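Student:
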Amino acid sequence: MADPYVHGYHPRESTRLQDQAATLVDLLHSDTSYPPGSLVLEAGCGVGAQTLPLAKNSPGAKIIALEISRPSAAEARGRAAAAGIGNVRVLQGDIFSLPFRKGTFDHLFVCFVLEHLPRPVEALSILKEFIKPGGTVTAIEGDHGSAYFYPDSPAAHRAIDCQVTLQERAGGNAMIGRELYPLLVRAGFAEVSVSPRMVYADGSRPAMADGFTRRTFAAMIEGVRDSALAAGLMEEQEFDSGVSDLYRTAEEDGVFCYTFFKATGKKG
Numbered sequence: 035m036a037d038p039y040v041h042g043y044h045p046r047e048s049t050r051l052q053d054q055a056a057t058l059v060d061l062l063h064s065d066t067s068y069p070p071g072s073l074v075l076e077a078g079c080g081v082g083a084q085t086l087p088l089a090k091n092s093p094g095a096k097i098i099a100l101e102i103s104r105p106s107a108a109e110a111r112g113r114a115a116a117a118g119i120g121n122v123r124v125l126q127g128d129i130f131s132l133p134f135r136k137g138t139f140d141h142l143f144v145c146f147v148l149e150h151l152p153r154p155v156e157a158l159s160i161l162k163e164f165i166k167p168g169g170t171v172t173a174i175e176g177d178h179g180s181a182y183f184y185p186d187s188p189a190a191h192r193a194i195d196c197q198v199t200l201q202e203r204a205g206g207n208a209m210i211g212r213e214l215y216p217l218l219v220r221a222g223f224a225e226v227s228v229s230p231r232m233v234y235a236d237g238s239r240p241a242m243a244d245g246f247t248r249r250t251f252a253a254m255i256e257g258v259r260d261s262a263l264a265a266g267l268m269e270e271q272e273f274d275s276g277v278s279d280l281y282r283t284a285e286e287d288g289v290f291c292y293t294f295f296k297a298t299g300k301k302g
């Protein structure tokens with residue numbers, strides 16, 4: 035399938051993903067671990083930002099991380115090697131055409147992938163075929179509709195909407211977090227459970243304000259500037275003002291909130 039990743043593959047995007055992973059590691063991964071001897075498929079590993087904490091939390095499990103972008107797969111492979119992580123194997127491939135036998139894996143992990151796919155239920159249904167009966171799925175997604183902040187800014191909301199629109203035009207859904215429960219159910223998973231994970235940053239949490247508000251979210255919106263302007267979604271001055279207002283919320287008297295959703299289920 036065509037690569038739908040709307041954020042691009044610039045070095046700054048790799049840095050943003052690493053900053054996001056480091057900032058959110060406890061919030062998103064503290065309750066995910068797999069038993070020794072488990073074989074886990076991470077579908078859509080990107081540059082390995084989520085792969086490393088996943089592997090560190092389950093040192094006795096083997097992680098097979100699959101990524102459609104060859105350069106990103108190579109970067110993920112290099113990061114795992116540099117970190118001295120030996121229980122990860124990174125492969126380049128398409129989740130709609132998996133190079134494995136069905137029923138190969140004990141568990142499936144999908145993080146920040148479904149939001150980029152035009153057919154997320156189909157993707158989940160395909161992936162489910164490669165899990166053993168009784169195996170589990172863990173899916174994590176954000177939801178741009180959950181972003182609110184102080185000081186409020188209409189221009190900032192419009193800049194966020196630009197990213198939502200660009201992702202929609204690419205076949206994705208930047209607000210897919212709220213849909214995880216019905217998506218997993220429609221894909222045939224049982225015992226589906228969803229846990230909201232709110233990011234909250236204010237002056238008392240400078241590390242979160244810097245790591246998430248500034249380096250992750252505001253940087254992500256700023257990263258679609260050229261695409262948004264080229265598509266005529268906003269005027270240059272207003273977009274730049276909106277991004278500036280997002281960075282403003284990371285200051286000592288600012289507040290930023292955003293919600294991720296973590297879903298788990300089981301193959302019957």
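In the working numbering, each number is its position in the sequence shown, counted from 1, plus 34.
We put the beta carbon where it would ideally sit given N, CA and C, even for glycine.
In this text the structure is predicted, and so the values were computed from the model without any measurement.
What residue from Leu-217, Phe-294 and Ala-189 has the CA that sits closest to Pro-152's CA?
Tutor: If we check each option's Cα against that of Pro-152, Leu-217 comes out closest.
Student: Tell me which residue opens and which closes the alpha helix (DSSP H) that Lys-301 is part of.
Tutor: Taken as a continuous stretch (DSSP letters only), Lys-301 belongs to no alpha helix (DSSP H), as it is neither H nor E.
Student: Could you tell me if Gly-118 is buried or exposed, where buried requires 16 or more neighbouring beta carbons within 10 angstroms of its beta carbon?
Tutor: Exposed, since its Cβ has fewer than 16 Cβ neighbours within 10 Å.
Student: Answer yes or no: do Gly-211 and Glu-156 have a C-beta to C-beta separation smaller than 9 Å?
Tutor: For Gly-211 and Glu-156, no; Cβs fall outside 9 Å.
Student: Taking only the alpha-carbon atoms, compute the straight-line gap between Ser-131 and Ile-165 and give it to the nearest angstrom.
Tutor: Ser-131 and Ile-165: Cα-Cα distance of roughly 15 Å.
Student: Span of the alpha helix (DSSP H) holding Tyr-215?
Tutor: Where Tyr-215 is concerned, the enclosing alpha helix (DSSP H) stretches over 214-220.
Student: Check the DSSP bridge columns for Glu-176 and list the partner residues they point to.
Tutor: The question names Glu, but residue 176 is Gly in the sequence shown. DSSP lists Phe-294 as partners of Gly-176.
Student: Determine, using beta-carbon pairs with one atom in the region 131-145 and one in the region 63-75, whether at least three such pairs fall under 8 Å.
Tutor: Yes: at least three Cβ pairs fall under 8 Å.
Student: What whole-angstrom Cβ distance do Tyr-281 and Arg-248 have, given they're in contact under 8 Å?
Tutor: Tyr-281 to Arg-248, Cβ: 6 Å. Contact.
Student: Is the beta carbon of Glu-175 sitting closer than 9 Å to the one on Leu-214?
Tutor: Yes.
Student: Would you kindly work out how many angstroms separate the C-alpha atoms of Asp-287 and Lys-162, rounded to a whole number?
Tutor: Roughly 46 Å between the two C-alpha positions.
Student: Using the Cβ count rule (16 or more neighbours within 10 Å means buried), how would you classify Gly-302?
Tutor: Exposed, by the Cβ-count rule.
Student: Let me know if Gly-94 comes out buried or exposed under the rule of 16 or more other beta-carbons within 10 Å of its beta-carbon.
Tutor: The residue in question, Gly-94, is exposed, as its Cβ has fewer than 16 Cβ neighbours within 10 Å.
Student: Give the DSSP-derived three-state secondary structure of Ala-108 in the structure shown.
Tutor: Three-state result, Ala-108: helix.
Student: Is it the case that the Cβ atoms of Glu-303 and Gly-120 are separated by a distance below 9 Å?
Tutor: The shown model of the chain, from 35 to 302, leaves out residue 303, and the question about it has no answer.
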